[in-house]
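Everything in the sequence shown is counted per the working numbering, starting at 529 for the first residue and increasing by one.
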Amino acid sequence: MTSNVPSVVIDANGITLPQETDILTGVQADINQAFGGGVNPGLTTPQGQIAQTTTAIIGDKNDQIAEVVNNVDPDKADGRWQDAIGRIYFLERIAASGTVVTGTCTGLVGTVIPAGSAAQDTNGYIYFSLADATIPASGSVDVDFQNSAAGPIACPIGNLAKIYSAVPGWDRVENLAAGTLGTDVESRADFEYRRKLSVAANGMNSTQSILGRVLAVTDVLDAFVVDNPSGSIVNYGATSYPLAAHSVYVAVVGGAAADVAAAIWRKKSLGCNYNGDTSYVIEDSEGYEKPYPQYTVTWKTPDATPAFFKIQIATDPLLPANIVDLVRTAVVNSFNGADGGSRARIGSTIYAGRYYAGVAAVNANVNIESITMGFTSAAAAVSLAFGIDQRPTLDSSNIQVLLV
529 MTSNVPSVVI DANGITLPQE TDILTGVQAD INQAFGGGVN PGLTTPQGQI AQTTTAIIGD
589 KNDQIAEVVN NVDPDKADGR WQDAIGRIYF LERIAASGTV VTGTCTGLVG TVIPAGSAAQ
649 DTNGYIYFSL ADATIPASGS VDVDFQNSAA GPIACPIGNL AKIYSAVPGW DRVENLAAGT
709 LGTDVESRAD FEYRRKLSVA ANGMNSTQSI LGRVLAVTDV LDAFVVDNPS GSIVNYGATS
769 YPLAAHSVYV AVVGGAAADV AAAIWRKKSL GCNYNGDTSY VIEDSEGYEK PYPQYTVTWK
829 TPDATPAFFK IQIATDPLLP ANIVDLVRTA VVNSFNGADG GSRARIGSTI YAGRYYAGVA
889 AVNANVNIES ITMGFTSAAA AVSLAFGIDQ RPTLDSSNIQ VLLV
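Okay, here's the thing in structure tokens:
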């Protein structure tokens with residue numbers, strides 16, 4: 529017997545699912561034909577219950593087919609499907625990495641704090657410095673530390689407060705800005721972002737190839753690459769960062785200095801100048817005998833730049849008592865991409881609209897009046913542009929939640 533239930537249509541436009549009301553009508557028609565006609569179509573009858581159950585089963589099957597079809601699209605793929613697409617490009621999902629936080633290290637002028645020096649936060653987590661640093665005449669220097677424990681472990685303002693491994697001349701450490709959260713495993717959005725760069729990563733002498741290679745370095749959380757092919761200094765981005773003539777600019781958060789330097793050096797153009805404040809000496813041992821040629825690779829360790837938010841919500845007696853904490857958590861999750869969306873990146877512009885869904889999902893009684901942001905507690909803007917030398921950070925204490 530030919531069924532009256534409409535079929536799933538897969539054509540050049542993609543997949544089209546029939547409406548469940550149409551499926552129900554088709555199932556009822558099939559039942560009526562099977563019993564020779566005259567069947568009561570009422571949904572409260574036994575045959576009506578069978579029709580509804582069958583419709584639900586068919587609808588669920590159709591949804592599963594749509595899920596399979598959508599997972600073939602790299603923009604929608606997730607989980608094992610996305611992993612399979614990644615393997616076509618010889619990509620594997622990046623494992624978990626630790627939170628990166630900027631510690632202001634104070635001590636004797638001229639003291640060298642070597643890469644791998646350890647500091648401890650108030651929760652007992654150990655952080656290791658990512659590059660060598662020397663305390664200048666000011667008596668303090670900003671050093672990036674990365675948590676030895678992988679995952680999105682928060683390091684709020686003031687939490688990194690203890691020197692764990694003593695270095696003569698290094699007296700104290702503190703973080704004046706929140707850390708950039710680490711990751712459990714590479715998220716769907718971040719993996720797709722890196723996949724799009726992967727074709728360029730196989731090339732040479734392009735900003736995309738450098739970016740793709742640097743993002744693949746173990747424990748790197750974010751990176752930004754731009755070049756200046758002109759013969760004069762060019763001021764670039766929201767902070768008008770000065771790019772040297774005939775140079776490449778690379779900003780990196782996280783990762784060991786040796787690995788970052790190697791990734792940049794293998795992909796940048798010959799004779800190209802650098803920008804930044806972090807350097808590492810690379811030895812080229814391929815095809816040479818000792819002493820090997822040495823090259824100093826330089827990149828920018830972006831400054832931790834706090835963002836401030838002001839969230840206004842309509843007062844409602846049905847709101848939970850901890851609504852302020854819930855909203856703050858939702859905003860922090862969106863900012864760091866923990867909600868599955870894109871996180872705030874180096875050189876990016878973030879928009880208030882990105883945060884409405886997360887705040888609204890906190891509770892059914894949440895009615896948002898406004899969401900604004902800024903680089904100060906005034907937080908009066910609806911968008912925020914970070915420079916290419918800035919690492920976006922957000923501490924929950926910088927989120928004002930007002931019931932109006």
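The C-beta atom is built at its ideal place from N, Cα and C for all residues, glycine as well. As the structure is a prediction and not an experimental result, all values here were calculated from the model.
{"Asked": "Stretch pair the segment 627 to 642 + the segment 594 to 601: three plus CB contacts closer than 8 angstroms", "Found": "no"}
{"Asked": "Boundaries of the alpha helix (DSSP H) in which residue 851 is found, first to last residue", "Found": "851 to 863"}
{"Asked": "Residue 804 versus residue 644 - alpha carbon distance", "Found": "20 angstroms"}
{"Asked": "Run of the beta strand (DSSP E) containing residue 702, from where it starts to where it stops", "Found": "698 to 702"}
{"Asked": "The segment 689 to 702 touching the segment 836 to 846, judged by at least three CB pairs closer than 8 angstroms", "Found": "no"}
{"Asked": "As assigned by DSSP and simplified to three states, the class of residue 879", "Found": "strand"}
{"Asked": "DSSP-derived helix/strand/coil call for residue 539", "Found": "strand"}
{"Asked": "Nearest residue (CA-CA) to residue 927, options 919, 918 and 904", "Found": "904"}
{"Asked": "Same chain only: Cβ atoms within 7 angstroms of residue 915, ignoring 5 sequence neighbours per side", "Found": "765, 766, 767, 769 and 875"}
{"Asked": "Of the listed residues 537, 871 and 828, nearest to residue 918 (C-alpha basis)", "Found": "828"}
{"Asked": "Cβ of residue 884 within 8 angstroms of any chain D Cβ", "Found": "The structure shown contains no chain D; it is built from a single protein chain."}
{"Asked": "Pick from 809, 830, 832 and 831 that is closest to residue 506, judged by C-alpha positions", "Found": "Beyond the ends of the chain as shown, which are 529 and 932, falls residue 506; an answer cannot be given."}
{"Asked": "Own chain, CB closer than 7 angstroms to residue 813, minus 5 neighbours either side, in chain order", "Found": "820"}
{"Asked": "Residue 873 and residue 795 closer than 8 angstroms at C-beta", "Found": "no"}
{"Asked": "Residue(s) in a DSSP beta bridge with residue 918", "Found": "831"}
{"Asked": "Rounded distance between the beta-carbons of residue 782 and residue 748, thought under 8 angstroms", "Found": "5 angstroms"}
{"Asked": "Candidates 536, 660, 549 and 922: closest to residue 833 by CA position", "Found": "922"}
{"Asked": "Residues bridged to residue 816 (per DSSP)", "Found": "According to DSSP, residue 816 bridges with nothing at all."}
{"Asked": "Which of helix, strand or coil DSSP assigns to residue 822", "Found": "strand"}
{"Asked": "Whether residue 835 touches residue 709 by CB criterion (8 angstroms)", "Found": "no"}
{"Asked": "Contact set for residue 901: own chain, Cβ-Cβ below 8 angstroms, skip 5 residues either direction", "Found": "835, 836, 837, 838, 878, 880, 907, 909, 910, 911 and 912"}
{"Asked": "Nearest-angstrom Cβ-Cβ length linking residue 802 and residue 775, presumed shorter than 8 angstroms", "Found": "6 angstroms"}
{"Asked": "Bridge partner(s) assigned by DSSP for residue 753", "Found": "778"}
{"Asked": "Neighbour-count burial assignment, residue 571, 16 or more Cβ in a 10 Å radius", "Found": "exposed"}
{"Asked": "CA-to-CA distance, residue 541 to residue 553, given in whole angstroms", "Found": "26 angstroms"}
{"Asked": "For residue 806 and residue 744, the rounded distance between their alpha carbons", "Found": "19 angstroms"}
{"Asked": "First and last residue of the uninterrupted beta strand (DSSP E) at residue 646", "Found": "646 to 649"}
{"Asked": "Identity of the residue in 793, 555 and 680 nearest residue 577 by Cα", "Found": "555"}
{"Asked": "Run of the alpha helix (DSSP H) containing residue 796, from where it starts to where it stops", "Found": "Unbroken run through residue 796: none, as it is neither H nor E."}
{"Asked": "Nearest neighbour of residue 852, chosen from 548, 863, 818 and 890 [CA to CA]", "Found": "890"}
{"Asked": "Spatially closest choice to residue 863 from 849, 846 and 885, by CA coordinates", "Found": "885"}
{"Asked": "Sheet register partners of residue 930 (DSSP bridge)", "Found": "840"}
{"Asked": "8 angstroms Cβ cutoff met for residue 653 and residue 681", "Found": "yes"}
{"Asked": "Residues of its chain near residue 633, where Cβ-Cβ distance is below 8 angstroms and the 5 sequence neighbours each way are ignored", "Found": "641, 661, 663, 668, 669, 670, 671, 698, 700 and 701"}
{"Asked": "Spatial neighbours of residue 716 in its chain, beta-carbon cut-off 7 angstroms, leaving aside the 5 residues before and after", "Found": "606, 610 and 868"}
{"Asked": "For residue 532 and residue 557, the rounded distance between their alpha carbons", "Found": "6 angstroms"}
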